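**Student:** Quick one: the structure is below, and I'll ask about it shortly.
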Amino acid sequence: MEQNLFVYNTLSRKKEQFEPLSAPHVGMYVCGPTVYSDVHLGNCRTFISFDLVFRYLTHIGYKVRYVRNVTDAGHLEGDAGDEGEDKIEKKAKLAQLEPMEIVQKYTVDFHDTMQVFNVLPPSIEPTATGHIIEQIELVKQILAAGFAYEVNGSIYFDVERYNKTHDYGILNRRNLEDLINNTRDLGGQDEKLGKLDFALWIKAKPEHLMKWPSPWSLGFPGWHLECSAMSNKYLGKQFDIHGGGIDLMPTHHTNEIAQNIASCNKIPANYWIHTNMLTVNGQKMSKSLGNSFLPQQLFTGNHSLLNKGYSPMTVRFFMLQAHYRSTLDFSNEAMEASEKGFKRLMNALALLDGLKASATSEVEVAILRQRCYDAMNDDFNSPVLIAELFEAARIVNSVKDGKLKIDAENLAILGQLMHDFVENVLGLKNEQAANNDLPKVLDMIVNLRNEAKSNKDYATSDKIRNGLQEIGFQLMDGKEGTNWSKI
RNA sequence: GGUCGGAUGGCCGAGUGGCUAGGCAGAGGUCUGCAAAACCUCCUACAGCGGUUCGAAUCCGCUUCCGACCUCCA
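Numbered according to this note's numbering, the first sequence spans residues 35 to 521.
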């Protein structure tokens, strides 16, 4: 916490010094996935971005309670507005499954995918269906405060009424008239008094499967409600950071803030962090546009836009090479560049242990370390951090080649710095197979080859090297012997 | 249509008034039996047109193009 961290706050549209409400504790809420289908790569980018935030806050000494929800009910489908079908229920009917079967399947898939990307689990991962009571209580409070009304068993939030005493556009910076004038007329919204009003509680139709009793009807909660209720429950009325994809900002987060303020007159979070979109050919990756990749397709290369597969850590590195607030465009060329860069960084990390210290040092590593912190303190600037780490890699390689001298003290700092930032902060890890007999076998083959080589039997030595290359191992002859690495 | 944001070298991508990241690709060199890796050197760009300034990729205006949101979305 000696770090002077600055965070870009969507509320102020500025970078602000990060000051938690009660350090060293930090409360962070991030809107998680709706578990009605596989997470795609764009979703993953958001959670990887917040994983970086979580990891860095933790690294600099904060005790973070990280809450990321799973939406397993109440999320309405498409153009029909609040009359639309629950996404999960729709999928369940199609697949002739219980809604909770769908939820279970895609929750497991989500967790697996997060693990593959080395995304740390949040401290608490609450579900909407697990907090129906809390949501009903919240609706009661909003009703009592006079910012909601009931029509035929459904409850709607009265946006125009709310805006008379509060600023509805505090986050999205839009005035109400503009919003009203630019809102399309949608079908099936007869019940609502105002165009911008949104549902807090929806009365279920008879055929609806997911429904719960409430004072108003047998029904289900509106989508925006769960995040208000659950952040309030686990982090309090006010907490430090609220995050999510930038596409959630104009509507979902705007409504969330309105709900919280309407119920307890406090804006829930001080810092609002929004991550930008992953694009494909310049267009947002999204399920509805049909241009999304599943992580599995990326790993295997099984997609028409892909030349080959890329490993999870390559993908993670690719994403961290762009700043979280910039759009990131996906392409094969960019992925291949990241694949090589990632390998270069990890090779340097692996060489650290074998480096020998000199009596004197030609490098001052503490300066580099400070530059790494400076990068992250500037709104989690991982691309700049990675640039600094490539400088660290250059030092490692030069020392290894005997071209640069480093003393024990600087070597220790260098090692610490690289492990801290590459593994703990960026969350990158080596993907090579470990803990088996393979290294011993390879070392033996390498020794055989070196015997042939010292006899100038290059036909044999090249045969061994080429053979290993074909099955995925690259040999590298150096002054101090031969190294191998997985290609 | 309204609101907001973006346009950086062959590709990706940082940077917000002078010091002009980084990765990948490309060229040359060192090393090496040859490779590979590594190291060194080179390629030095900011959509266009005006303006402000001693000085602009960075600030202002206009133009062109692209995107996001306005409707579920990470």
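Virtual Cβ for every residue (Gly too), placed ideally from N, Cα, C. From a predicted model like this one, the values you see are computed outputs, not experimental measurements.
Using only alpha-carbon positions, find the residue among I189, F424, A486 and T199 that is nearest to G256.
**Tutor:** Mapped onto the first sequence, residue 256 falls at position 222. Of the listed residues, the one whose Cα sits closest to G256 is I189.
**Student:** How would you write the range of the beta strand (DSSP E) that F364 sits in, first residue to last?
**Tutor:** The residue labelled residue 364 in the question sits at position 330 within the first sequence. Counting along the chain, the beta strand (DSSP E) containing F364 begins and ends at L362 to F364.
**Student:** Mind checking whether the beta-carbon of L340 lies closer than 7 Å to any heavy atom of the ligand ATP?
**Tutor:** Within the structure as shown, the ligand ATP is missing, as the structure has no ligands at all.
**Student:** Which term fits T199, buried or exposed, when burial requires 16 or more other beta carbons within 10 angstroms of its beta carbon?
**Tutor:** Working through the first sequence from its first residue, we reach residue 199 at position 165. Looking at its Cβ environment, which holds fewer than 16 other Cβ atoms inside 10 Å, T199 is exposed.
**Student:** Report the start-end ranges of each alpha helix (DSSP H) in the segment 43-94 that is 4 residues or longer and not cut off at the edges.
**Tutor:** Here the runs fully enclosed are 75-93.
**Student:** Does Q1 pass the burial test, meaning 16 or more other C-beta atoms within 10 Å, or should it be called exposed?
**Tutor:** Any property of residue 1 remains undetermined from this structure, which presents the chain solely from 35 to 521.
**Student:** Contact between the segment 121-141 and the segment 55-62 is defined here as three or more beta-carbon pairs at a separation below 8 Å; is this criterion met?
**Tutor:** The segment 121-141, when compared against the segment 55-62, does not touch it at the 8 Å Cβ threshold.
**Student:** Note down, in chain order, each residue of its chain lying with its Cβ closer than 8 Å to the Cβ of K48, except the 5 sequence neighbours on either side.
**Tutor:** Within the first sequence, numbered from 1, the residue matching residue 48 stands at position 14. Here the set comprises Y42.
**Student:** Assign Q404 to one of two classes, buried (16 or more other C-beta atoms within 10 Å of its C-beta) or exposed (fewer than that).
**Tutor:** Here the question's residue 404 lines up with position 370 in the first sequence. The residue is exposed, with fewer than 16 neighbouring Cβ atoms inside 10 Å.
**Student:** Count the other CB atoms within 10 Å of the CB of P473; is the residue buried (16 or more) or exposed (fewer)?
**Tutor:** Position 439 of the first sequence, counting from 1, holds the residue named residue 473. P473 is exposed by the Cβ-count criterion.
**Student:** Give the DSSP-derived three-state secondary structure of G278 in the structure shown.
**Tutor:** Translated into the one-based positions of the first sequence, residue 278 becomes position 244. In this structure, G278 counts as strand in the three-state DSSP scheme.
**Student:** Under 8 Å, with one C-beta from each stretch per pair, do the segment 67-86 and the segment 229-249 reach the 3-pair mark?
**Tutor:** no
**Student:** Pick from D192, E211, G388 and T348: whose alpha carbon is nearest that of I295?
**Tutor:** The residue you call residue 295 lines up with position 261 of the first sequence. Distances from the CA of I295 to each of D192, E211, G388 and T348 were compared; the closest alpha carbon is that of D192.
**Student:** Count the CB pairs spanning the segment 371-382 and the segment 344-357 that are closer than 8 Å, and state whether there are at least three.
**Tutor:** yes
**Student:** Under 8 Å by Cβ, that's how I've got S265 and V101 pegged, so tell me the actual separation to the nearest angstrom.
**Tutor:** Residue 265 sits at position 231 when you count from the first residue of the first sequence. Residue 101 sits at position 67 when you count from the first residue of the first sequence. Confirmed, about 7 Å.
**Student:** When burial is assigned at 16 or more other CB atoms within 10 Å of the CB, is H453 buried or exposed?
**Tutor:** Your numbering for residue 453 matches position 419 in the first sequence. Answer is exposed; the Cβ neighbour count stays below 16.
**Student:** The alpha helix (DSSP H) spanning A182 covers which residue range?
**Tutor:** Here residue 182 corresponds to residue number 148 of the first sequence, with the count starting at 1. That residue, A182, is in no alpha helix (DSSP H); its beta strand (DSSP E) goes A182 to V185.
**Student:** Could you check how far apart the C-beta atoms of H74 and L323 are, in whole angstroms? I think they sit under 8 Å.
**Tutor:** Residue 74 sits at position 40 when you count from the first residue of the first sequence. Residue 323 sits at position 289 when you count from the first residue of the first sequence. Contact between H74 and L323 fails: their C-beta atoms lie close to 11 Å from each other, not under 8 Å.
**Student:** Please state the DSSP three-state secondary structure of E328.
**Tutor:** Within the first sequence, residue 328 is the residue found at index 294, counting from 1. Reading off the sequence, residue 328 comes out as Leu, not Glu. Collapsing the DSSP output to three states places L328 in coil.
**Student:** Identify the residues that DSSP records as bridge partners of F352: which are they?
**Tutor:** Against the first sequence, residue 352 aligns to sequence position 318. In DSSP, F352 forms no bridge with anything.
**Student:** With a cut-off of 8 Å, do at least 3 Cβ pairs link the segment 329-342 to the segment 280-290?
**Tutor:** no
**Student:** Look up V101 in the DSSP assignment and say whether it is helix, strand or coil.
**Tutor:** As a first step, residue 101 must be located in the first sequence, where it is residue number 67. The answer is strand: DSSP assigns V101 an E or B state.
**Student:** At a cut of 8 Å, does the segment 297-316 reach the segment 350-369 through at least three beta carbon pairs?
**Tutor:** Yes, the segment 297-316 touches the segment 350-369.
**Student:** Taking just the CA atoms, how far does D435 sit from E514?
**Tutor:** Position 480 of the first sequence, counted from the start, is the residue given in the question as residue 514. Position 401 of the first sequence, counted from the start, is the residue given in the question as residue 435. In a straight line, the C-alpha of E514 is about 9 Å away from that of D435.
**Student:** Along the chain, where does the beta strand (DSSP E) containing Y344 start, and where does it finish?
**Tutor:** Here residue 344 is taken as the residue at index 310 of the first sequence, counted from 1. Careful: Y344 lies outside any beta strand (DSSP E) and carries neither H nor E.
**Student:** Helix, strand or coil: how does DSSP classify M510 here?
**Tutor:** In the first sequence, counting from the first residue as 1, residue 510 sits at position 476. In the structure shown, M510 sits in a strand (DSSP, three-state: E or B).
**Student:** Going by beta carbon distance, what residues of the same chain come within less than 7 Å of E184, once the five residues before and after it are set aside?
**Tutor:** Within the first sequence, the letter at position 150 stands for residue 184. Excluding sequence neighbours, E184 sits near W250.
**Student:** What whole-angstrom Cβ distance do L423 and L389 have, given they're in contact under 8 Å?
**Tutor:** Locating residue 423 in the first sequence gives position 389, counting from the first residue. Locating residue 389 in the first sequence gives position 355, counting from the first residue. So it is not a contact: roughly 16 Å between Cβ atoms.
**Student:** Around the C-beta of N103, are 16 or more other C-beta atoms found within 10 angstroms, so that it is buried, or is it exposed?
**Tutor:** Against the first sequence, residue 103 aligns to sequence position 69. Its Cβ being crowded by 16 or more others within 10 Å, N103 is buried.
**Student:** In the DSSP assignment, find the alpha helix (DSSP H) that holds G449 and state where it starts and stops.
**Tutor:** Your numbering for residue 449 matches position 415 in the first sequence. Note, G449: alpha helix (DSSP H), A442 to M452.
**Student:** For S297 and Q175, I'd like the C-alpha separation in whole angstroms.
**Tutor:** Locating residue 297 in the first sequence gives position 263, counting from the first residue. Locating residue 175 in the first sequence gives position 141, counting from the first residue. Between S297 and Q175, the C-alpha separation is close to 5 Å.
**Student:** Assuming L451 and V399 make a contact with CB atoms under 8 Å, what is their CB distance in whole Å?
**Tutor:** Along the first sequence, one-based indexing puts residue 451 at 417. Along the first sequence, one-based indexing puts residue 399 at 365. That pair is a contact at about 7 Å.
**Student:** When you compare the CB positions of F455 and L402, do they come within less than 8 Å of one another, or not?
**Tutor:** As a position in the first sequence, residue 455 is number 421, starting the count at 1. As a position in the first sequence, residue 402 is number 368, starting the count at 1. No, Cβ-Cβ distance for F455 and L402 is not below 8 Å.
**Student:** Cβ of A438 within 8 Å of Cβ of E396?
**Tutor:** On the first sequence, residue 438 is found 404 positions in, with the first residue counted as 1. On the first sequence, residue 396 is found 362 positions in, with the first residue counted as 1. Just to set this straight, residue 438 is Leu in the shown sequence, not Ala. For L438 and E396, yes; Cβs fall inside 8 Å.
**Student:** Which same chain residues, not among the five before or five after H93, have their C-beta less than 6 Å away from its C-beta?
**Tutor:** Within the first sequence, residue 93 is the residue found at index 59, counting from 1. Excluding sequence neighbours, H93 sits near N458 and V459.
**Student:** Which same chain residues end up closer than 8 Å to I440 when comparing Cβ atoms and leaving out the 5 residues on each side of it in sequence?
**Tutor:** By 1-based counting over the first sequence, the position of residue 440 is 406. L389, A391, S392, S395, E396, V397, V399, I429, V433 and L448, listed in sequence order.
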